[in-house]
Each structure stands twice: as C-alpha cells, then as structure tokens.
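Counting from 1 along the sequence shown, just add 9 to a position and that's the residue number in the working numbering.
What follows is one structure encoded as structure tokens, with my remarks underneath.
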Amino acid sequence: MVEEISLKDFKKLDLRVGTVAEVERIPGSEKLYKLQVDMGGEMRQIVTGLVGYYTEEELKGKVIIVLTNLKPAKIFGVSSNGMLLAAEFNGQLALLTTDRSIPNGARIT
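What follows is the structure in structure tokens.
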C-alpha cells in the first residue's frame with residue numbers, strides 16, 4: 010500500500026469520463042498509442058502504453074476514466090494531456106470504465 014492521503018488531496022484530482030475517438034500507433038515505439046479522447050466538449054490527446062494489452066479496434070469507442078489535470082508531458086516526442094486509469098495485476102491490465110451510460114466529461118466523485 011502507499012501513503013494515505015486526505016479527502017482534500019483526493020479532491021484535487023480531476024477524474025472524468027471520456028470515450029476513445031481515435032487510436033494510432035506512435036511510429037518507432039513498441040508500446041505506445043496516441044489516443045484522441047472525447048471529453049464532452051473537448052478532444053484530448055493522451056499517450057498510453059497499451060500496445061500488447063489492447064488492439065486499436067478494442068480501444069476505439071471504449072469509455073474510459075481520465076485524470077485530466079495532470080501536467081502535460083511529451084512522451085516519445087508526442088504531447089500527452091492526461092492519463093487514463095487502469096488496474097494491473099500479474100501482467101494483466103484492465104481499463105477503468107463506467108457501469109452505466111453517462112455523458113463524456115462527467116466528473117468522477
């Protein structure tokens with residue numbers, strides 16, 4: 010386990026629902042996809058290391074949870090403006106999603 014945080018610290022995280030609109034491999038990279046994610050009113054580009062876990066076809070249209078207020082970063086020379094959430098255990102990976110239909114951009118509380 011990691012260090013406990015306060016509810017005040019947790020509330021600093023802006024977690025929102027999004028839908029993967031476009032997926033493409035990043036040339037020269039073995040593990041990276043560049044995603045365009047519909048966040049409900051804005052598109053967000055996110056770089057993620059999901060190659061080998063999900064195909065492009067599996068990702069396109071998938072509803073995901075995105076940390077939107079992470080500082081932008083350049084990964085393999087490509088801008089990334091958020092981080093999708095996933096669970097990992099013993100080499101298996103599962104994306105976090107919603108159990109019901111909810112609009113893109115909805116805040117996770």
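The C-beta atom is built at its ideal place from N, Cα and C for all residues, glycine as well.
Query, Result
"Kindly give me the distance between the Cβ atoms of valine 56 and leucine 41, rounded to whole angstroms, as I take these residues to be in contact under 8 angstroms.", "6 angstroms"
"If you follow the alpha helix (DSSP H) that lysine 17 is part of, which residue opens it and which one closes it?", "16–19"
"If I measure Cβ to Cβ from leucine 102 and keep anything under 6 angstroms in the same chain, skipping five residues before and after, which residues do I get?", "Tyr62, Ala95"
"Using a Cβ-Cβ cutoff of less than 6 angstroms, which residues in the same chain neighbour lysine 71 once the five nearest sequence positions on both sides are dropped?", "Val29"
"Figure out for me which residue from Ile35, Val46, Lys20 has the closest Cα to the Cα of isoleucine 84.", "Ile35"
"According to DSSP, is glutamate 67 part of a helix, a strand, or is it coil?", "helix"
"Between leucine 22 and leucine 93, which are expected to be in contact by the criterion C-beta below 8 angstroms, what is the C-beta distance as a whole number of angstroms?", "Contact flag wrong, Cβ pair sits at about 13 angstroms."
"Quick one, which of Phe98, Gly100, Leu104 has its alpha-carbon nearest isoleucine 74's?", "Leu104"
"My assumption, with CB atoms under 8 angstroms, is that aspartate 47 sits in contact with asparagine 113. Please give the rounded CB distance.", "5 angstroms"
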